[in-house]
DNA sequence: CAATTATACAGGAATTATTATTATATAATA
DNA sequence: TATTATATAATAATAATTCCTGTATAATTG
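Chains as they are written, first to last, in our numbering: chain A, 392 to 539; chain B, 392 to 539.
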């Protein structure tokens with residue numbers, strides 16, 4: 392997503408109601424590169440808006456994802472995470488703590504794909520996930536999964 | 392995984408017990424390109440081995456994944472899927488029905504990654520997911536998500 | 001600015017994939 | 001064949017997400 396203001400305008404065009412809860416979620420997500428879960432967002436919004444329900448956070452995140460303002464990340468089996476950056480980038484996932492880092496070098500050459508496949512599937516989007524270990528988990532030595 | 396026989400030998404070396412339930416799961420997975428869920432595998436094995444429990448299927452799939460015989464796929468929010476092919480290939484996911492197709496052209500050039508990043512994270516594995524629509528879902532016309 | 005109405009919200013219950021627990025069975029070994 | 005540690009079956013527990021329902025409110029119109 393871009394700024395909160397610009398995102399609000401986009402949502403208004405899509406006939407979404409601009410509620411205080413939505414705005415708080417947008418504020419949490421704006422420029423957020425931590426790939427928070429719905430629960431993470433809920434905890435942050437609750438500090439400003441104590442009566443918000445988790446269900447509402449789910450609803451808002453679902454709307455933002457469906458309208459392309461944010462991107463749901465399905466990497467951690469236990470919970471979805473959300474990425475406010477919908478521009479082209481890749482993810483590096485730590486096999487230890489499951490932390491997600493961003494990388495902004497495009498490693499993919501779609502031209503290697505036969506046109507027939509691109510046409511057959513109407514491909515216009517792709518994700519690259521690199522797997523390794525973050526500094527913290529490497530420092531812990533074993534490189535076994537150290538956190539769950 | 393390779394053949395059932397070769398996989399059994401690998402597991403034997405790892406001190407895993409070769410049970411009839413394990414062998415049936417291997418038979419289901421061998422050469423299987425349908426990316427079945429644990430439930431899918433359970434249903435197939437149950438035809439041969441009616442008393443097997445879903446929990447056992449989960450245990451076996453977890454072991455096979457942890458030892459690198461198969462690969463767990465975390466694409467569908469609702470359930471994990473399992474890929475018996477652990478050689479380098481990519482996935483094309485249908486935004487409509489969530490079907491997963493394989494593609495065997497490597498689109499990634501890891502050399503574009505600065506060495507410092509590869510070293511920092513000790514990257515040795517990566518996945519590429521392409522998003523589009525399969526023929527069935529395109530034929531249904533709308534290209535809205537047609538199945539859930 | 002007040003009335004209207006469809007959408008969003010809060011709270012709680014339901015759903016469902018996955019994991020944990022435990023007593024029993026069995027593969028591997030000697 | 002006896003032993004023993006691991007695997008299994010059955011069941012319960014866990015937890016993220018979705019569903020449901022009555023109420024509140026954002027947006028719109030007069």
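Every residue gets a Cβ at the ideal spot worked out from N, C-alpha and C, and that includes glycine.
For residue i, collect the residues of the same chain with a Cβ closer than 6 Å to its Cβ; drop the 5 residues on either side in sequence, then sort them by chain order.
{"i": "residue 421/B", "result": "395"}
{"i": "residue 481/B", "result": "494 and 519"}
Taking only beta-carbon atoms, is residue i less than 8 Å away from chain A?
{"i": "residue 413/B", "result": "no"}
{"i": "residue 518/B", "result": "yes"}
{"i": "residue 489/B", "result": "no"}
{"i": "residue 451/B", "result": "no"}
{"i": "residue 407/B", "result": "no"}
{"i": "residue 500/B", "result": "yes"}
{"i": "residue 540/B", "result": "The structure shown does not extend to residue 540/B, since chain B is modelled only from 392 through 539, so no value can be given for it."}
{"i": "residue 521/B", "result": "yes"}
{"i": "residue 504/B", "result": "yes"}
{"i": "residue 423/B", "result": "no"}
{"i": "residue 538/B", "result": "Note that residue 538/B has pLDDT 42, beneath the 50 cutoff, so the model's placement of it is unreliable and no number is given."}
{"i": "residue 508/B", "result": "yes"}
{"i": "residue 439/B", "result": "no"}
Quick one: using the 10 Å Cβ neighbour count with 16 as the cut-off for buried, is residue i buried or exposed?
{"i": "residue 398/B", "result": "buried"}
{"i": "residue 519/B", "result": "buried"}
{"i": "residue 429/A", "result": "buried"}
{"i": "residue 416/B", "result": "buried"}
{"i": "residue 441/A", "result": "exposed"}
{"i": "residue 496/B", "result": "exposed"}
{"i": "residue 505/B", "result": "exposed"}
{"i": "residue 507/B", "result": "exposed"}
{"i": "residue 413/A", "result": "buried"}
Does any C-beta atom of chain B lie closer than 8 Å to the C-beta of residue i?
{"i": "residue 396/A", "result": "no"}
{"i": "residue 529/A", "result": "yes"}
{"i": "residue 474/A", "result": "no"}
{"i": "residue 433/A", "result": "no"}
{"i": "residue 479/A", "result": "no"}
{"i": "residue 401/A", "result": "no"}
{"i": "residue 494/A", "result": "yes"}
Short of 8 Å in beta carbon distance, which residues of its chain neighbour residue i, apart from the five on each side in sequence? Order them along the chain.
{"i": "residue 461/B", "result": "392, 420, 452, 455, 473, 474, 475 and 477"}
{"i": "residue 425/A", "result": "431"}
{"i": "residue 405/B", "result": "458"}
Once the 5 residues before and after residue i are set aside, which same chain residues still bring their CB inside 7 Å of it?
{"i": "residue 409/B", "result": "399, 402 and 403"}
{"i": "residue 471/A", "result": "428, 429, 463, 464 and 465"}
(request) Report the residues of the region 454-472 of chain A with a CB closer than 7 Å to any CB of chain B, ordered along the chain. (result) Listed in sequence order: 465, 466, 468 and 471.
(message) Contact between the region 483-493 of chain A and the region 488-504 of chain B is defined here as three or more beta-carbon pairs at a separation below 8 Å; is this criterion met?
(response) With a cut-off of 8 Å, the region 488-504 of chain B and the region 483-493 of chain A do not count as touching, because too few Cβ pairs lie within range.
(message) Within 8 Å, do at least three Cβ pairs link the region 516-533 of chain A to the region 500-513 of chain B?
(response) Enough Cβ pairs lie closer than 8 Å, so yes.
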